[in-house]
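In what follows, a structure is listed as structure tokens, so that the remarks can point back to it.
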Amino acid sequence: MQTISTALFTPINVGNSPLSHRIVHCPLTRIRTNADRVPVPLMTEYHKQRISEGGLLIAEATIISEDAGAYRLTPGIYNDKQIEGWRNITTVVHDNGGFIYLQLWHAGRAGVSSLIPGNKPPVSASAIPINDKNTIGEDSEVPHALEVEEISQIVKTYTQAAKNAICAGFDGVEIHSANGYLLDQFINSSSNVRTDQYGGSIENRARFTLEVVESVSKAIGQNRTGIRLSPWSGFQDVKDNTPYETWGYIVEQLQEKHPNLAYIHFVEPRDDYVSGPNPRKDRKEIMEKDSIEPFRKVWKGPLITAGGYTTNPKRAFETAEKLDNTLIGFGRTFIANPDLVLRLKNDWPLNKYDRSTFYGGDSTGYTDYPFYNSSAASDILKKN
Ligand SMILES: Cc1cc2nc3c(=O)[nH]c(=O)nc-3n(C[C@H](O)[C@H](O)[C@H](O)COP(=O)(O)O)c2cc1C
Numbered sequence: 001m002q003t004i005s006t007a008l009f010t011p012i013n014v015g016n017s018p019l020s021h022r023i024v025h026c027p028l029t030r031i032r033t034n035a036d037r038v039p040v041p042l043m044t045e046y047h048k049q050r051i052s053e054g055g056l057l058i059a060e061a062t063i064i065s066e067d068a069g070a071y072r073l074t075p076g077i078y079n080d081k082q083i084e085g086w087r088n089i090t091t092v093v094h095d096n097g098g099f100i101y102l103q104l105w106h107a108g109r110a111g112v113s114s115l116i117p118g119n120k121p122p123v124s125a126s127a128i129p130i131n132d133k134n135t136i137g138e139d140s141e142v143p144h145a146l147e148v149e150e151i152s153q154i155v156k157t158y159t160q161a162a163k164n165a166i167c168a169g170f171d172g173v174e175i176h177s178a179n180g181y182l183l184d185q186f187i188n189s190s191s192n193v194r195t196d197q198y199g200g201s202i203e204n205r206a207r208f209t210l211e212v213v214e215s216v217s218k219a220i221g222q223n224r225t226g227i228r229l230s231p232w233s234g235f236q237d238v239k240d241n242t243p244y245e246t247w248g249y250i251v252e253q254l255q256e257k258h259p260n261l262a263y264i265h266f267v268e269p270r271d272d273y274v275s276g277p278n279p280r281k282d283r284k285e286i287m288e289k290d291s292i293e294p295f296r297k298v299w300k301g302p303l304i305t306a307g308g309y310t311t312n313p314k315r316a317f318e319t320a321e322k323l324d325n326t327l328i329g330f331g332r333t334f335i336a337n338p339d340l341v342l343r344l345k346n347d348w349p350l351n352k353y354d355r356s357t358f359y360g361g362d363s364t365g366y367t368d369y370p371f372y373n374s375s376a377a378s379d380i381l382k383k384n
């Protein structure tokens, strides 16, 4: 049996977590909680299958308050039952030698009033709806542009959610400031036309995200706080006029004020997942010409890169070899391969993912992807 030895399988410290390899499970929404947004035993099983010794799992986008969601059956981290549900998962991960972070999420204008208690409208930076259907197939609603005091309240809510996550046993949290959700709606120029201290200049559009980082990291420690950014997402209809300058500023600020953050997690411009259902018209051009490299030069801490490795796993080996302090996030391939780390390490073949079972449903397409059967494979080899 050939075991691959490369930088991908060398240890790295992420915050307080001494990882023994650099393959990371990306946050992956799967719409399988109970009606109260509490993680269920099936979700414990899913995570248990994907643990590896010294490996990092980032659990799916999890709403910070009952009015922050965009879908039914996505998890929350704002009440005791949810904390208990998550604790079952973090316990199993730790008992088996792994580490786990929780992605903290506010969907902003991607929300739907009929899913928000009191039928309140979704919120955003400005009263600009997504130019598309919402998550229940209706025209997206015009969001309420948050007042300054409401923004301060949401910063506090993120902070409480982070404390709850630590109480649930997570090793840290990932602030979801990507993929067109609330914080990203403030950052991108297309969704933010405010004229106060949260709009206009790059400094102002970045303010909300940086306030959340400041408050969360103060509460739970920089070394338990990570952040996800996606300069070229296009998801949920966001777009920025000056991605290099905008995210360049954010990364400079993080390096200057929060150099000990556990990690920055970048979604690559070549992320072909987002080009699936709702592509940006300029996706092809972005994939060819844009790069997170300028940000990498500024950020000195651990950096997770995600997107483009599912379709080209070889690139994961090359990237880890080439770039220090770099971890590789896998999304769809981790869905389809519970034993992804072993498969990559041993050069075993990968299962293909089934898009039709990504969102919602039961164990099908969730916990029933097969583990690689090395003894069956070696029997076949012997026979040949
Ligand atoms: C089913 C599914 C659910 C996802 N859910 C989330 C999520 O909750 N939070 C997030 O930041 N990204 C989410 N993503 C994006 C992934 O984290 C990742 O960036 C993307 O799949 C690209 O990686 P890949 O090419 O390895 O699949 C999701 C992707 C998929 C396929």
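Going by full-length UniProt numbering, 271 is the number at position 271 of the sequence shown; the sequence numbering is gapless.
We put the beta carbon where it would ideally sit given N, CA and C, even for glycine.
All of these numbers come straight from a predicted model, not from anything done at the bench.
With H, G and I counted as helix, E and B as strand and the rest as coil, what does DSSP make of residue i?
i	result
GLY118	helix
ALA161	helix
LYS284	helix
SER99	Just to set this straight, residue 99 is Phe in the shown sequence, not Ser. Looking at PHE99 - three-state DSSP - the assignment turns out to be strand.
ARG194	coil
ARG72	coil
ARG37	coil
TRP86	helix
THR367	coil
GLU174	strand
ALA59	strand
VAL14	strand
For residue i and residue j, what's the separation of their Cα atoms in angstroms?
i	j	result
THR29	VAL40	14 Å
GLU84	HIS47	16 Å
ASN13	PHE317	19 Å
ASP36	ILE250	35 Å
ASN119	ASN373	50 Å
HIS94	ASN346	24 Å
ALA127	LEU183	15 Å
ALA31	THR44	The sequence shown places Ile at residue 31, not Ala. Cα to Cα, the separation comes out at about 14 Å.
ASN96	ALA336	20 Å
SER191	SER233	13 Å
ARG72	GLU252	37 Å
ASN188	ASN241	8 Å
LYS81	VAL38	6 Å
ALA125	THR159	20 Å
LYS382	ASP339	Residue placement at LYS382 cannot be trusted, given a pLDDT of 49 that sits under 50; what the coordinates show is reported in the next sentence. Rounded to whole angstroms, LYS382 to ASP339 spans 23 Å at the Cα level.
GLU293	LEU303	11 Å
Should residue i go down as buried or exposed, given a rule of 16 or more other Cβ atoms within 10 Å for buried?
i	result
ASN131	exposed
GLY276	At GLY276 the pLDDT is 49, less than 50, meaning the model places this residue with poor confidence; the figure from the coordinates comes in the next sentence. GLY276 is exposed by the Cβ-count criterion.
ARG355	exposed
PRO117	exposed
PRO259	exposed
GLN185	buried
LEU108	Note that residue 108 corresponds to Gly in the displayed sequence, not to Leu. Buried, by the Cβ-count rule.
GLN153	exposed
GLU268	buried
GLN222	buried
So is residue i in contact with chain D if we call contact Cβ pairs under 9 Å?
i	result
ILE130	In the structure shown, chain D does not exist; there is a single protein chain.
Q.
Assess contact between the segment 168–178 and the segment 15–33, defined as three or more Cβ pairs (one per stretch) separated by less than 8 Å. Is contact present?
A. yes
Q: Indicate whether the contact test is met: 3 or more Cβ pairs, each with one atom in the segment 204–217 and one in the segment 285–302, closer than 8 Å.
A: no
(Q) Assess contact between the segment 231–250 and the segment 177–194, defined as three or more Cβ pairs (one per stretch) separated by less than 8 Å. Is contact present? (A) yes
(Q) Count Cβ pairs between the segment 96–104 and the segment 45–64 that sit closer than 8 Å; are there 3 or more? (A) yes
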